[in-house]
Each structure stands twice: as structure tokens, then as C-alpha cells.
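Enquirer: After the C-alpha cells below, expect a handful of questions from me.
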Amino acid sequence: MSPFPGYALVEYKNRKNAKVAISTGTDSKLLDQTLKCNFVFVRAPAGASAPVGKPKVHRGGRRRSPPKILLVNCID
83 MSPFPGYALV EYKNRKNAKV AISTGTDSKL LDQTLKCNFV FVRAPAGASA PVGKPKVHRG
143 GRRRSPPKIL LVNCID
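The sequence shown begins at 83 in the working numbering and counts up one residue at a time.
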């Protein structure tokens, strides 16, 4: 395994093109590394109903964490 693993998110216009990219990209090589491809985020089809089940209600207990600040480092 690489000491510097990474990832990329690629958006396709339709599911068919995404499936082709996944099937052709999986196990291919890039800079001597083997690629693994899969779906990450999939939107529900248009007109799909909401998930079944009771909504979660928070009734106190633990507090939410404070907002996090995004820090970006650049090393030349």
C-alpha cells in the first residue's frame, strides 16, 4: 500500500457512464498503484419517497461539537 493513499470524486451525468468508468477503472494501474473504483454518493431517483421509519428526535443529552475550522497547508 502507498504511504500516501488518496482519493478522487468524479461526477458523471448518468449512471450508465459511471458504471462503465467503475468497471474499466477498477484494478487498472496509475503511477504503479492499483486503482479501486466504486460509487460513493448516489442521489435518490426523482420522485422517490422519504425513508421509512421514525425520525430521530434529540432530547438533550450530549451537546453538538463547535464548528470546525478548515485549515489548508501548502508545502513548497
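Ideal Cβ placement from N, Cα and C applies to all residues, glycine included.
How long is the line joining the alpha carbons of G129 and L113, rounded to whole angstroms?
Expert: When rounded, the distance between both Cα atoms is 42 angstroms.
Enquirer: Hey, how far is the Cα of C119 from the Cα of K95?
Expert: Cα to Cα, C119 sits roughly 17 angstroms from K95.
Enquirer: Shorter than 7 angstroms, the distance from the beta carbon of T106 to the closest heavy atom of the ligand ATP, or not?
Expert: The ligand ATP is absent from the structure shown, which contains no ligands of any kind.
Enquirer: Verify whether the separation of the beta carbon atoms of T106 and L117 is less than 8 angstroms.
Expert: In this structure, L117 does not lie closer than 8 angstroms to T106 by Cβ.
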